[in-house]
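Taking it in order: structure first as structure tokens, then the write-up.
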Amino acid sequence: MKPVLLSLACFGLLNFLPAQAAAPDGVEKAKLAAQHWLALTDRQQYAQSWQQAAGFFKASIPQSTWVKALKTNRAPLGRLKSRQLKFSAFTKTLPKAPKGNYVLLHYRSVFERQANVTETVTTLLDKGGVWRVAGYSIQR
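Letter by letter, the sequence shown follows residues -21 to -1, 1 to 119 of mature numbering (1 follows the signal peptide of the UniProt record, and there is no 0).
Spelled out as structure tokens, the structure:
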């Protein structure tokens, strides 16, 4: 299976701490932010998902490129049937990313036309103390 990289989520898994060991309240807020953001992609509101993403994310990929990438790689999977969080981890550093507070979330998802998909969402505590998505990838 080849991973389909849609953005910045392939930062690597180095330097992660178990989510339960670091800032449980922050991790829960990061999970909620990821769920809200994933709901936008599930409804094919790709431009809105870009608008709701972290500043670092938006500076790294133009909105039109993001929308095209999701139409090419996410839309063909079809409607979401189920999504289950399998792993979450907190870190302050990621390769090729500014230092900050990050939570990496791995979901096992089942779509209408593709089962056993791993979605990886990287959230970042953005300006104003708001958790936002800083990366997303799909591995089929």
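Backbone N, C-alpha and C fix where the C-beta goes; we use that ideal spot for every residue, glycine too. Keep in mind the model is a prediction, meaning the values are calculated, not measured.
Legend entry - Separation of Gln93 from Ile117, as counted between CA atoms: Roughly 11 Å separates the two Cα atoms.
Inset, instruction - Give the DSSP-derived three-state secondary structure of Gly107 in the structure shown. - result: helix
Legend entry - Bounding residues of the alpha helix (DSSP H) (the contiguous stretch that carries Leu49): Gln42 to Asn52
Legend entry - Buried versus exposed, by CB contacts within 10 Å (16 or more), Glu91: exposed
Inset, instruction - Identify every residue that forms a DSSP beta bridge with His85. - result: Phe66 and Thr99
Inset, instruction - Taking all protein chains shown into account, decide if Leu84 is buried (16 or more other Cβ within 10 angstroms of its Cβ) or exposed. - result: The residue in question, Leu84, is buried, as its Cβ has 16 or more Cβ neighbours within 10 Å.
Inset, instruction - Using the Cα positions of Asp105 and Gln24, report the straight-line distance between them to the nearest angstrom. - result: 21 Å
Inset, instruction - For the alpha helix (DSSP H) containing Gln30, list its first residue and its last residue. - result: Tyr25 to Gln30
Inset, instruction - List the residues that DSSP assigns as beta-bridge partners of Val112. - result: Thr102
Inset, instruction - Sort Ala9, Val82 and Pro77 by Cα distance to Gly34 and report the nearest one. - result: Pro77
Legend entry - Rounded straight-line distance, which links the Cα of Pro74 to that of Arg58: 32 Å
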